[in-house]
Amino acid sequence: MLGYISKRLLVAFCVCATVSAISFALMFMSGDPAIAIAGAGGRAQDAEAVRIAYGFDRPIVIQYLDWVGSALTGDLGRSIYFNVPVTEIIGNRVGVTLTLGVLSFLLALVVAVPLGIAAALRPNGWVDRIALILAVTGQAIPSFWLGLMAIVVFGVWYDWLPISGAETWQGYILPVIVLSYYAMPAMMRITRSGMIDVLATDYVRAAKAKGLPMSTVIFRHALRNAVLPLVSLAAVQLGLLLSGSIVIESVFALNGLGRLAWESLLRSDLPVVQAIILILSLLYVLLTTLADILNAILDPRLRGAS
Amino acid sequence: MTHYSPKYFLSSVAALAASLTFAVGTPAMAGKENNTLNVAFAAEPEPLDTYKIAGRQGLILARHIYDGLLYKDLDTGEIVPALAESWEFTSPLTMEFTLRKGVKFHNGADFTANDVVQTLNTVITPEYGTRYSISVDWIESVEKLAEDKVRINMSKPFAGAVEMLADALPIYPHDFFSENGSEGMAAAPIGTGPYKLVSQEAGIRYEMERFEGHYEGSPKSGATIDNIIVRTMPEMNTQYAELMSGDLDWIWRIPPDQAKQLESRVQIISAPIMRIGYVGFAPESMGGDSPIADKRVRQALIHATNRAAITDAFAGGASKMLNTACNPAQFGCEQDVTSYEYDPEKARALLAEAGYEDGFEMEMVFAAMPRPTAEAVAADLANVGVTLILNEQQYSSGIGKWRAKELPAFFSNWGSYGIGDAVFILSNFFGGGADDLVQDPELAEWLNVADTASDRDVRAENYSMAVKKIADEAYWMPMYNFNVNYGLAEDLNFTPHPDEFARWWISSWK
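Chains as they are written, first to last, in the working numbering: chain P, 1 to 306; chain W, 1001 to 1510.
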């Protein structure tokens, strides 16, 4: 088990290093950061001054190594746009994204798993049909549209909930529902198909034949096997939700990481972009590694396989 | 997670706006009730040190907090005293200012000559990194002559100097500024302006309160609104919803089609601004070896483009089609120049004369312009056989390619820093610098004279010669001046200005 974990961590480290190098290079390929920082009214000489002030005139490899060196000592640099330490800005924004992401994830999980199980128990029954409709619409409706509609109905027509902002807890209700509705279908479908497969196996039939209560069969015997693919999927979904939804954060004017990343990209705020990418790739790697370990605990067969 | 681009959002707007039309409920009057103006910007304001700000959002906030030595009254076009009581040119390169007495900063400190000297002498150093060098590079040094007298020594003649001193170069309290620098000013802005900042979450939320100690006789005096709360709301549709539900009182930059749909629900006003759209042609690009190097081709392209129709369809409101390479509201922007009417026949004839009777293919990058305008230009040119390969890019990438002389044509816009003088537009594109891909020495010389002369007639005459030649040679295809649509609460009085600086100190409730 220890060897398994250390192997996973090594791969994780390589992934992070690759991601940060590629993203650094892409930032330069997408346009001259000096001109972007100089702004739309900036003349050529303003861009030149920026280039020298921020060291963009140096070879890109040197700039990257410079950044890596600082990042390894915990110094993520200063935001070019906000002129304050990157950690301070990210610290200000991460709370909103964490709250939104975790709540949406939990809501999606709480709805998706029971619904998936119920649907699997009677395939093509009415629960299954309703679940299917929910899944298809959840997957098909663009989240920005659903968000705007939620705003119109609950914010403008009925005035029940705040339209935007995270100043009160009520401000999270609409975005959490909309975001979880987006994350839910995949989790529900994978629970359903996993359960259907497992319920058809011999050992479940044997358990039923033994006369065990249905709840024991489902939760103790079937679910443990059916849940394996869900764990991997859920890790990725949680990663997605935590990396911030640009769409949901924009629609509900929540100032989280997703929007910060997007805005920083547009204004070529390299230190912020690099820091967010680093944090997110670490997060992803951590989550998928945890999912792999969890799966290995749940299913002894996996430990030998890798 | 699918990440949609902001443009993609807009496609939903028609449907949403239509459904909003049927929305019920009456707008609350949160703003008027507690005398608080609720504002939303789509973009995050930059840190509030004016000298480092490029975006209008941050500058608008800064102009409520800080004051300059002078102020431009845009209604009369006159420069009026602000922190300086009076001023004069004592020689072509020196200006002397008598400062107003009894002015207090928000922190209680007295405004003195030391503040002017320390602020300006700091921001002109290259290490300070003032955002736009054009704003301060004409200042050589600033001297204190007495407690209430300062002298500015200019490094070069610059016709825009007085315009720049009019609220674009604010004065900071010298004690605080020398101790805390740009970062400190941005974290705790202290000025003499009509509003003081009481709290900020940088880029997210700002709260300003009317400054009771704002000096007598200020051109920014008379504020009636007690508090101003500014929030960042990236999604315009969310702003519309908040405006309609009464939680916002002021939004801006509403696209024309959406402004029309909102008209029945909120107060919409449209006002022209200094920014103009243009297609720049680059005879110098690609080693001077492109069809665009031929004057007849450039003329043909302008004849072939139905600019009036494009202006009406996509700019709307207060926008007008232009023939001159500057904004008609700017000093020196002569309107009596060669105009190219929409005439595809003539365009075909000119192309044939230049040896392109079968047309040709050419790349045009467009940046910060609505895609439909670029597509309309391409469709018009296709009519006369010219195939435009459209390429939408960020402004920074587009102008980078332009400066690298890789583009025959670039479709974008220029805001002239919101200032009504042709000095802030023409020289950048035709004065011989990096953005000048015409490199016409005669033009550069005229512009140099016009930019530096102190005699307004000399300036006007040289600008006139320059813009006439730009039109004759068809170096530019001027498109239209922009307008801004503001969405306001029904009970708000707000007067827009062409420099795109919202002046909330003259706003009031009906």
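In this text, a Cβ means the ideal position worked out from N, Cα and C, and glycines have one as well. Keep in mind the model is a prediction, meaning the values are calculated, not measured.
- What E1392/W touches in chain P, judged by beta-carbon distance under 9 Å, is nothing: the nearest beta carbon there is about 12 Å away.
- Annotation note: the stretch 1160–1238 of chain W contains the following uninterrupted alpha helix (DSSP H) runs of length 4 or greater, listed N- to C-terminal: 1161–1165, 1174–1187.
- With respect to the 8 Å criterion, V1384/W and A1489/W are not classified as neighbours on the basis of their beta carbons.
- Spanning the alpha carbons of K1260/W and Q1239/W requires a straight line of approximately 15 Å.
- According to DSSP, residue pairing for W1509/W in a beta bridge involves L1492/W.
- For D269/P, there are no C-beta contacts with chain W under 9 Å, since the nearest C-beta of that chain is about 11 Å from it.
- Of all alpha-carbon atoms in T1050/W, Q1057/W, F1314/W, the one lying nearest the alpha-carbon of V1039/W is that of Q1057/W.
- For D1440/W, the closest alpha carbon among the candidates V1230/W, K1469/W, N1413/W, A1054/W is that of K1469/W.
- Beta-carbon to beta-carbon, F1501/W and G1418/W are separated by about 6 Å, close enough to satisfy the 8 Å threshold.
- One alpha carbon belongs to A71/P, the other to I277/P, and they sit about 12 Å apart.
- If you compare the alpha carbons of E1263/W, D1049/W, R1265/W with that of D1067/W, the shortest gap goes to D1049/W.
- Taking 8 Å as the cut-off, the beta carbon of F1111/W is found no closer than this to the beta carbon of V1123/W.
- Using a C-beta cut-off of 8 Å, the stretch 226–237 of chain P makes contact with the stretch 189–201 of chain P, since at least three inter-stretch Cβ pairs fall below that distance.
- Scanning the stretch 37–72 of chain P from its first residue to its last, the whole alpha helix (DSSP H) runs of 4-plus residues come out as 44–53, 60–72.
- N1034/W counts as exposed, since fewer than 16 other beta carbons sit within 10 angstroms of its beta carbon.
- Look at the beta carbons and you see the stretch 1205–1213 of chain W not touching the stretch 119–130 of chain P: under three pairs across the two are nearer than 8 Å.
- In the structure shown, the three-state DSSP call for F1360/W is strand.
- For A108/P, no chain W residue has a Cβ inside 9 Å of its Cβ, as the nearest lies near 13 Å away.
- For R1371/W, not one C-beta of chain P is nearer than 8 Å to its own C-beta.
- By the criterion of a C-beta distance shorter than 6 Å, N1227/W is surrounded in its chain by T1036, E1209, once the five residues flanking it on both sides are discounted.
- Within the stretch 1048–1076 of chain W, the runs of alpha helix (DSSP H) that reach at least 4 residues and sit entirely inside it are, in chain order, 1056–1065.
- In summary, the residues of the stretch 1111–1131 of chain W whose CB is separated from some CB of chain P by less than 8 Å are P1126, G1129, R1131, in the order they occur in the chain.
- Rounded to whole angstroms, the gap between the alpha carbons of S215/P and A222/P is 10 Å.
- Under DSSP, A1271/W takes part in a beta bridge, and its partners are V1484/W.
- Shortest Cα-Cα distance from G1316/W to any of N1485/W, S1507/W, F1105/W involves N1485/W.
- For the 8 Å CB-CB criterion, T1125/W and F1177/W do not form a contact.
- By the neighbour-count criterion, in which a residue is buried when 16 or more other Cβ atoms sit within 10 angstroms of its Cβ, M29/P is exposed.
- Counting only Cβ-Cβ distances below 8 Å, G1433/W has contacts in chain P at R43, A44, Q45, in chain order.
- Beta-bridge pairing by DSSP links N1038/W to I1229/W.
- DSSP places I1152/W in the strand class (E or B) of the three-state scheme.
- Secondary structure of N1114/W (DSSP, three-state): helix.
- Within the DSSP secondary-structure output, K1144/W pairs in a beta bridge with V1150/W.
- Excluding its 5 nearest sequence neighbours in each direction, T288/P has C-beta neighbours in its own chain below 6 Å: A235, listed in chain order.
- V86/P sits close to P271/P, with the two beta carbons spaced by under 8 Å.
- Around the beta carbon of T1224/W, a 10 Å sphere encloses fewer than 16 other beta carbons of the protein chains shown; the residue is thus reported as exposed.
- Boundaries of the alpha helix (DSSP H) around T137/P: 126–140.
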